[in-house]
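Heads up: the structure comes next, in structure tokens.
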Amino acid sequence: MQQIARNIRKDVIRTIEIKGGHPAVNLSSADILTALYFKILKHNPRQPKWEERDRIFVTSKLTPVWQTTLAHAGYYAKKNLLENADLPKGTTHALSTAIGSALASEGKHHTYCITTDSEIDWQAIMLAGKLNLTLVIDRNNLSKEGFMDIEPLRQKLEAFNWHIIEVDGHKIEHIIEALQEAKDGPTAIICHTIPGKGVNFMEHNPEWHDKKPTKEEAEKALNEIK
């Protein structure tokens, strides 16, 4: 699956070069989405509206990597990524929407929410209760302004009765193990990641929080992702 994640990162670069977006966090989240769609989620690309499918809600910043993962999983042709196709988009209220889905599920499916550490909705965190919900947090420590300190994140989440698992967000096998464990009650998986993962000149660099790469920069990035 590491090769799948690398291919997803390459298509993320191609997509953001054309449409814009947030390179750092989309590159850092590729392993998380790969683990979900290629090992964990109960879903069927041939039946995208299958009633018993797991539900997944993704924050708006992660739209490029989510769309790219869906294409690699077989939901639509990859060429649509670079065209003005009507593709699913993330939401600024991902966790609140996920909570609503979990409330309505009556245990028929599992609900997942993928967010970044800069977009945690604390009001929604307090409402989760004992829902069948898994929150996956890309903890990359970076915002446009630089390093972002929201510690103690684990203790804050535990204060609202969430079960916490912390993993290396680039070791897909560890992410899978955490997702398999997160089945009973609200669980938050804190994935420690590297912003701009796979591209040396983007890693840990606040400049690439939301910068659109030029054609030359995109080519350089693609050559670095191996």
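Oh and the sequence shown: position 99 is 373 in our numbering, straight run, nothing missing. Heads up, the beta-carbon is just placed ideally off N, CA and C, and yes, glycines get one too. Because the structure is a prediction, the values reported are computed rather than measured.
Could you tell me whether the Cβ atoms of residue i and residue j are closer together than 8 angstroms?
{"i": "A462", "j": "I438", "result": "yes"}
{"i": "A345", "j": "L355", "result": "yes"}
{"i": "N414", "j": "S302", "result": "yes"}
{"i": "R428", "j": "I394", "result": "no"}
{"i": "R280", "j": "I499", "result": "yes"}
{"i": "A304", "j": "I290", "result": "no"}
{"i": "P376", "j": "T389", "result": "One detail in the question is off: residue 376 reads as Ala in this sequence, not Pro. Cβ atoms of A376 and T389: not closer than 8 angstroms."}
{"i": "R327", "j": "K316", "result": "yes"}
{"i": "L416", "j": "H466", "result": "no"}
{"i": "I449", "j": "I306", "result": "yes"}
DSSP three-state label for residue i, please.
{"i": "V473", "result": "coil"}
{"i": "T289", "result": "helix"}
{"i": "R320", "result": "coil"}
{"i": "D305", "result": "helix"}
{"i": "T365", "result": "strand"}
{"i": "R329", "result": "strand"}
{"i": "Y349", "result": "coil"}
{"i": "E440", "result": "strand"}
{"i": "T390", "result": "strand"}
{"i": "T538", "result": "Nothing can be reported for residue 538: it is not among the residues displayed for the chain, which extend from 275 to 500."}
{"i": "T385", "result": "strand"}
{"i": "L315", "result": "coil"}
Quick check on this structure: which residue in the options has the alpha carbon closest to the alpha carbon of residue i?
{"i": "R329", "options": "H444, H384, A347", "result": "H384"}
{"i": "K404", "options": "E432, D423, R413, I394", "result": "E432"}
{"i": "S370", "options": "E451, N318, Q397, K363", "result": "Q397"}
{"i": "A309", "options": "D423, Y386, T488, N479", "result": "Y386"}
{"i": "K363", "options": "K323, F331, E498, S375", "result": "F331"}
{"i": "A492", "options": "A452, I292, T390", "result": "I292"}
{"i": "K457", "options": "N479, W436, E477, D423", "result": "W436"}
{"i": "I399", "options": "D391, W324, F434", "result": "F434"}
What residue range is occupied by the uninterrupted alpha helix (DSSP H) comprising residue i?
{"i": "T467", "result": "Per DSSP, T467 belongs to no alpha helix (DSSP H) and is neither H nor E."}
{"i": "I449", "result": "446-455"}
{"i": "I424", "result": "Element bounds for I424: n/a, residue is neither H nor E."}
{"i": "W482", "result": "Neither: W482 is in no alpha helix (DSSP H) and is coded neither H nor E."}
{"i": "A398", "result": "396-401"}
What residue does the beta strand (DSSP E) around residue i start on, and which one ends it?
{"i": "E380", "result": "Per DSSP, E380 belongs to no beta strand (DSSP E) and is neither H nor E."}
{"i": "I411", "result": "407-413"}
{"i": "I499", "result": "First-last for I499: undefined, no H or E at that position."}
May I ask you to verify whether the segment 403-411 touches the segment 292-299, counting CB pairs closer than 8 angstroms and requiring at least 3? Flag = no, the segment 403-411 and the segment 292-299 do not touch.
I'd like to know if the segment 440-448 and the segment 466-482 are in contact, where contact means that at least 3 CB-CB pairs between them fall below 8 angstroms. At 8 angstroms Cβ cutoff, the stretches touch.
Whether or not the segment 281-296 and the segment 329-340 are in contact is what I'm after, with contact meaning three or more pairs of Cβ atoms, one per stretch, closer than 8 angstroms; do they touch? In this structure the segment 329-340 touches the segment 281-296; the number of beta carbon pairs closer than 8 angstroms is three or more.
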